[in-house]
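In UniProt numbering, the protein residues as written are 1 to 297. Note that the Cβ used here is the ideal one computed from N, Cα and C, for glycine as well. Only one structure is covered here, and it is reproduced in the block below.
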Amino acid sequence: MNSVDAMIKGHQPINSLGSITDGLHTRELQAGEVAIVGAGCGQLDLMTIKAARIVAQADALVFDSLVSSDILTLVTPSCQRHFVGKRCGQPSVKQEDINTLLLSLAQQGLKVVRLKGGDPHIFGRGSEEALYLAQQGIRSQFIAGVTAALGCASSTGIPLTFRGMARSVTLITGTKMTDVDNVNAPTQWQALLAAQSTLVFYMGKEQAARISIGLLDTLCAADLPVAFVTNGGRANQIVTYATVDSMSDAALTIKDSGPTLIIIGEVVSVGQQLGALLDDIDFASPQPADEYEALYA
Numbered sequence: 001m002n003s004v005d006a007m008i009k010g011h012q013p014i015n016s017l018g019s020i021t022d023g024l025h026t027r028e029l030q031a032g033e034v035a036i037v038g039a040g041c042g043q044l045d046l047m048t049i050k051a052a053r054i055v056a057q058a059d060a061l062v063f064d065s066l067v068s069s070d071i072l073t074l075v076t077p078s079c080q081r082h083f084v085g086k087r088c089g090q091p092s093v094k095q096e097d098i099n100t101l102l103l104s105l106a107q108q109g110l111k112v113v114r115l116k117g118g119d120p121h122i123f124g125r126g127s128e129e130a131l132y133l134a135q136q137g138i139r140s141q142f143i144a145g146v147t148a149a150l151g152c153a154s155s156t157g158i159p160l161t162f163r164g165m166a167r168s169v170t171l172i173t174g175t176k177m178t179d180v181d182n183v184n185a186p187t188q189w190q191a192l193l194a195a196q197s198t199l200v201f202y203m204g205k206e207q208a209a210r211i212s213i214g215l216l217d218t219l220c221a222a223d224l225p226v227a228f229v230t231n232g233g234r235a236n237q238i239v240t241y242a243t244v245d246s247m248s249d250a251a252l253t254i255k256d257s258g259p260t261l262i263i264i265g266e267v268v269s270v271g272q273q274l275g276a277l278l279d280d281i282d283f284a285s286p287q288p289a290d291e292y293e294a295l296y297a
């Protein structure tokens with residue numbers, strides 16, 4: 001077992017990783033300071049070493065519902081834990097109350113970690129919290145995390161860019177996509193499609209019908225591939241494939257309440273092609289060495 005595996009399994013202190021972290025300098029979290037940390041997409045092994053080090057220093061941890069339970073094992077037994085998770089369609093802690101909690105903990109002189117799923121700068125309200133704290137005289141710092149779009153792309157084999165197919169990526173929030181918003185949809189959707197961009201919708205499952213209508217109204221190809229990635233990067237990941245004209249019905253078949261990311265673009269078919277090829281490769285039965293010798297003698 002290497003030092004990183006030992007860290008992940010809890011067999012070794014996070015700050016004693018040996019040579020693997022030589023030359024890395026993670027600034028100590030100061031009393032009364034707030035670190036706004038991205039937990040990454042999925043489980044502990046998708047978290048950065050720097051993020052893990054900062055979390056291990058926390059006197060108080062304020063965390064979301066998208067933070068996996070194994071990441072919570074990094075904190076000390078004496079660390080205060082404050083769950084402020086938000087989930088679509090369920091009662092949630094108001095942002096104003098989260099701001100007040102962070103301020104109160106910092107004013108007590110605690111080392112505070114605000115832990116968010118993914119990256120705090122991608123639909124994470126990290127800057128909103130940092131601005132509020134700064135206005136109250138509280139220092140903060142950001143630690144990057146693997147955002148859901150990147151994590152889901154890796155775990156499904158779907159490339160977000162691909163030569164000759166997708167020259168850019170657009171990250172879009174699916175929340176608050178009301179009928180009023182759709183009045184201007186032709187201009188909005190056309191601009192997105194014109195960029196030859198892969199479209200990635202965060203929190204968009206409940207808005208699948210509106211997304212489909214918006215795209216089709218701008219003459220988007222009805223058979224443009226779509227992938228719904230539920231619980232991306234986790235052991236219980238589910239991938240549901242569809243097309244733009246069938247994505248509304250496909251969304252209704254997803255019964256898991258976990259977070260779902262939507263990837264739209266020709267790149268989805270690349271991921272499907274790769275998956276089919278990999279399924280035909282038998283990793284458990286490598287060709288014996290003597291057969292290679294016979295082939296290349």
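Using a Cβ-Cβ distance cut-off of 8 Å, the stretch 226-241 and the stretch 115-127 are not in contact, since fewer than three pairs of beta carbons, one from each stretch, lie closer than that value.
In its chain, beyond the 5 residues on either side, Ala39, Gly85, Lys116, Gly117, Gly118 and Pro259 have a beta carbon closer than 8 Å to the beta carbon of Leu66. When the five nearest sequence neighbours on each side are left out, the beta carbons in the same chain lying within less than 7 Å of the beta carbon of Phe83 are those of Phe63, in order along the chain. In this structure Leu110 is not in contact with Ala52, their Cβ atoms being roughly 19 Å apart against a cut-off of 8 Å.
Under the three-state reduction of DSSP, Ala227 is assigned to strand.
Bounds of any alpha helix (DSSP H) do not take in Ala144, whose DSSP letter is neither H nor E. If you look at Ala60, you'll find it isn't in any alpha helix (DSSP H); it sits in the beta strand (DSSP E) that goes Ala60 to Phe63.
Unbroken alpha helix (DSSP H) stretches of 4 residues or longer found wholly inside the stretch 52-127: 95-107, given in chain order.
Within 10 angstroms of the beta-carbon of Lys94 lie fewer than 16 other beta-carbons, which makes it exposed. A check of alpha carbon separations from Asp249 across Val270, Lys205, Asp280 and Leu215 identifies Lys205 as the nearest. Look at the beta carbons and you see the stretch 124-139 not touching the stretch 150-165: under three pairs across the two are nearer than 8 Å. Our two residues, Val113 and Ala222, have alpha carbons roughly 45 Å apart in a direct line. Separation of the CB atoms of Leu193 and Cys220 is rounded to 6 Å, and the pair is thereby assigned contact status at 8 Å. For the set Thr243, Gly157 and Asp245, the Cα lying nearest the Cα of Asp279 is the one of Gly157.
Under a 10 Å Cβ-count criterion, Phe283 is classified as exposed, with fewer than 16 other Cβ atoms of the shown protein chains found around its own Cβ. The DSSP-derived three-state label of Leu160 is coil. Under the DSSP assignment, Ser269 falls in the alpha helix (DSSP H) whose first and last residues are Val267 to Asp279.
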